[in-house]
Structure formats: structure tokens, C-alpha cells
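**Student:** Using my numbering, the letters of the sequence shown map in sequence onto residues 58 to 340.
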Amino acid sequence: MSRTITIALSSLRQFAGNRLAVVGGALVALVFIVALFASFLSPHDPSAIDIKNILIGPTFAHPLGTDELGRDVLSRMIWGSRVSLKVGFAAVGIATLIGIILGSLAGYYGGIYDMVIMRSVDVMLTIPTIFLILAVVVILEPSIWNIMVVIGLTSWMEPARLIRAEFMSIKEREFVVAARAVGAPDGRIIFRHILPNGLSPLLVSATMGIGGAILIESGLSFLGLGVQPPTPSWGSLLASGKDHIEIAWWLSAFPGLAILLTVLGYNLLGEGIRDALDPRQRE
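#1: Along the chain, where does the alpha helix (DSSP H) that runs through S226 open and close?
#2: Can you look up D300 in the DSSP assignment and give me helix, strand or coil?
#3: To the nearest angstrom, how far is the alpha carbon of L121 from that of G137?
#4: With C-beta atoms as the reference, is S141 less than 8 Å away from S290?
#5: Can you list, in chain order, the residues of its chain with a C-beta nearer than 6 Å to that of N110? Leave out the 5 residues immediately preceding and following it.
#6: Take L260 as the anchor and find which of V91, I190, P216, L162 has the nearest alpha-carbon.
#7: Just verifying my parser: in three-state terms, what is the DSSP assignment at T373?
#8: Using the rule of at least 16 other Cβ atoms within 10 Å of the residue's Cβ for burial, across every protein chain shown, is I220 buried or exposed?
#9: Three Cβ pairs or more, each shorter than 8 Å: is that satisfied between the region 91 to 109 and the region 230 to 240?
#10: For a test of the three-state rule: what should DSSP assign to D102, helix, strand or coil?
#11: In terms of DSSP beta bridges, what is D129 paired with?
#12: Distance, Cα to Cα, S99 vs S226?
#13: When we look at the beta-carbon of D129 and count the other beta-carbons within 10 Å, is it buried (16 or more) or exposed?
#14: Using a Cβ-Cβ cutoff of less than 7 Å, which residues in the same chain neighbour P287 once the five nearest sequence positions on both sides are dropped?
#15: Would M58 be called buried (16 or more neighbouring beta carbons within 10 Å of its own) or exposed?
#16: Give the secondary structure of E340 by DSSP, where H, G and I count as helix, E and B as strand, and everything else as coil.
#17: Measure the alpha-carbon distance for V193 versus R70 and round it to whole angstroms.
#18: Three or more C-beta pairs under 8 Å: does that hold for the region 182 to 191 against the region 236 to 256?
#19: Only counting runs of 4 or more residues, tell me where the alpha helix (DSSP H) segments fall wholly within the region 237 to 305, in order along the chain.
#20: For the alpha helix (DSSP H) that contains T401, what are its first and last residues?
#21: Taking a contact to mean a Cβ-Cβ separation below 8 Å, would you say A270 touches I201 in this structure?
#22: Going straight from the alpha carbon of L93 to that of R249, what length do you get?
#23: Which term fits I151, buried or exposed, when burial requires 16 or more other beta carbons within 10 angstroms of its beta carbon?
#24: Three Cβ pairs or more, each shorter than 8 Å: is that satisfied between the region 262 to 277 and the region 161 to 178?
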């Protein structure tokens with residue numbers, strides 16, 4: 058236990074000493090807090106139409122301006138952060154769960170399991186993900202739930218490969234061999250001995266994957282295939298700004314900046330976690 062605590066404290070010090078990682082964590086925390094307290098932070102009803110204030114630039118009453126229907130952009134961005142985080146966490150959760158199951162089977166049992174699963178991964182990787190997602194979304198009714206599931210079902214390959222590699226390395230170590238020698242069942246060996254020791258790379262992948270899922274959702278909403286109006290999302294705000302870019306720059310600038318900083322935050326956080334969990338970086 059003391060060794061585990063020592064490693065955890067060393068990793069925490071390593072993370073705290075990485076300025077970019079701290080900045081990434083701060084950005085992620087800020088977006089999470091905004092999404093969590095959207096109902097308190099939003100100065101206006103995000104769906105309230107005000108024809109007297111159409112396409113008004115940033116003012117005291119509307120710090121980020123209004124859109125083509127007079128709706129407050131700041132309020133819509135605040136509520137849109139909830140959509141982005143829902144899609145990001147749900148999609149990555151689905152992809153990670155599938156990746157853990159398939160990667161564990163391939164890495165632990167090998168043989169026919171490994172061959173079938175890894176060939177499936179190879180086939181999925183040959184198909185451009187964005188085109189596959191577009192094809193499925195066009196067939197299904199565009200909604201936030203469909204977006205979550207589709208992104209998750211098309212993003213499990215990387216987690217599966219990471220878990221497979223970790224299982225192939227860890228299953229030959231002494232503590233796993235000892236557990237197998239005393240007759241421990243496969244389920245106990247997988248979930249109690251191997252999986253907890255192989256989650257570090259998956260944590261990094263999942264953190265970065267959230268940013269990627271948010272980017273995909275924003276792109277789909279921008280194309281009109283994602284979250285449907287009147288539900289606000291950063292991608293749909295960008296789409297509405299595209300039609301008025303010459304006279305209402307704020308409609309594109311602020312949502313685009315929010316997407317940029319959020320994705321950047323998750324990438325920096327993921328990089329920081331990876332460096333902190335790397336044994337070679339510890340003192």
C-alpha cells in the first residue's frame with residue numbers, strides 16, 4: 058500500500074510540474090463547471106427569441122452578442138457545453154467498454170479470438186471514420202443519442218489495441234502466473250490482476266478521445282446532421298454564424314474558440330497524464 062501511495066504522489070508531482078498539463082486540466086475543469094451549472098450561469102433563456110435584438114454585437118446585456126433570431130449567444134454556448142460533454146463522455150464510454158471487452162479477449166486468450174478481433178480492427182481502420190459516421194447518421198434520425206452511439210461504435214479500435222498489448226505483456230508476469238497456478242478462474246485473473254494494471258494507456262486514450270468526440274459532434278452539427286434545433290450546440294452555432302460571417306463575426310468566432318480551447322484542453326490533459334504515469338519520468 059505504501060508503495061502505491063508513493064507512486065501516486067510521485068505521479069501527482071510530475072503532473073503538477075507540467076505547466077501545459079495544468080493549463081489543460083484548468084480548461085477541462087472550466088468547461089465542466091460551466092456545463093454543470095449552466096442553469097445558474099446562463100444570463101438568458103437560450104431559446105428565447107427577441108426580434109428587437111437581432112444580430113447585435115457584444116454588449117453589456119449580451120456579452121457575446123445575439124444571433125439571427127435575437128437569442129443570446131453566451132447563453133446558447135453555455136448550454137451547448139452540456140451537449141458537447143454528454144456526447145464526449147458517452148461516446149468515449151461506449152468505445153472504451155467495447156475496447157476493454159474485445160482487447161481483453163484478444164490479449165488474454167490469443168488464438169482464434171486474437172485473429173478474429175484484430176482482423177476486425179484492421180478492417181475498421183481501413184474505413185475513414187468520418188465517412189462511416191456520416192453514412193450511419195444519414196440513415197438514422199439525427200439526434201444526440203444516435204450521435205453518441207455512432208461515435209462510440211466507430212471509435213473502439215484504439216482502446217482494443219491498447220488493452221490487447223497490455224494484456225499480452227502483463228499475463229506473463231509472475232503474479233499472474235502465480236494466480237493461475239493456484240487455480241484462480243480466468244475472470245478473476247482478468248479483472249483483479251491484469252486489467253487494473255493495464256489501464257494507464259487507456260486512461261490517456263480516453264481523455265484525448267473525449268476531445269476528438271466533441272470535435273466530431275461539432276462537425277456533424279455544423280453539417281446539420283448532429284444535434285437538431287432548437288437544442289444549442291457549438292457546431293450548430295458555427296453553422297448559423299457561417300451565413301452571417303460578414304456582418305456578425307461573433308457568431309463564428311466565439312463558438313469556434315470554445316471548441317478549440319476545449320479540444321486543446323483535453324489533449325494537453327491527456328499528454329500530462331501520460332507523462333505523469335510514465336515510470337521513466339518519476340524521480
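Don't be surprised by glycine CBs; every beta carbon is placed ideally from N, CA and C.
**Tutor:** Straight from the coordinates:
#1: Taken as a continuous stretch (DSSP letters only), the alpha helix (DSSP H) holding S226 covers 214 to 227.
#2: Judged by DSSP in its simplified three-state form, D300 adopts coil rather than helix or strand.
#3: Distance between the alpha carbons of L121 and G137 is about 14 Å.
#4: The criterion of a C-beta distance shorter than 8 Å is satisfied by S141 and S290.
#5: Cβ neighbours of N110 beyond the five flanking positions: T123, G127.
#6: Closest by C-alpha distance to L260, out of V91, I190, P216, L162, is P216.
#7: Look at the range of the chain in this structure, 58 to 340, and you will see that residue 373 is not part of it.
#8: Classification for I220: buried.
#9: These segments do not touch.
#10: Of the three classes helix, strand and coil, the one that applies to D102 here is coil, per DSSP.
#11: Partner(s): T123.
#12: Near 49 Å, if we compare the C-alpha coordinates of S226 and S99.
#13: A residue is called buried when at least 16 other Cβ atoms come within 10 angstroms of its Cβ; D129 meets this threshold and is buried.
#14: Taking C-beta separations shorter than 7 Å and ignoring five residues to either side along the sequence, the partners of P287 in its chain run S104, following chain order.
#15: With a pLDDT of only 48 at M58, under 50, the local geometry of the prediction cannot be trusted, and no value is derived from it.
#16: Here E340 scores only 49 on pLDDT, less than 50, and its place in the model should not be relied on; the value that follows carries that caveat. Correct three-state label for E340: coil.
#17: When the Cα atoms are used, V193 and R70 turn out to be separated by approximately 44 Å.
#18: Result no; under three Cβ-Cβ pairs closer than 8 Å.
#19: The region 237 to 305 contains these whole alpha helix (DSSP H) runs: 257 to 279, 291 to 299.
#20: Examination of residue 401 is not possible in this model, given that the chain is present from 58 through 340 alone.
#21: Judged by beta-carbon spacing, I201 lies beyond the 8 Å limit of A270, meaning their Cβ atoms are not closer than that value.
#22: Here the alpha carbons of R249 and L93 stand approximately 33 Å from one another.
#23: With 16 or more other Cβ atoms within 10 Å, it is buried.
#24: With the cut-off at 8 Å, the region 262 to 277 and the region 161 to 178 do not touch.
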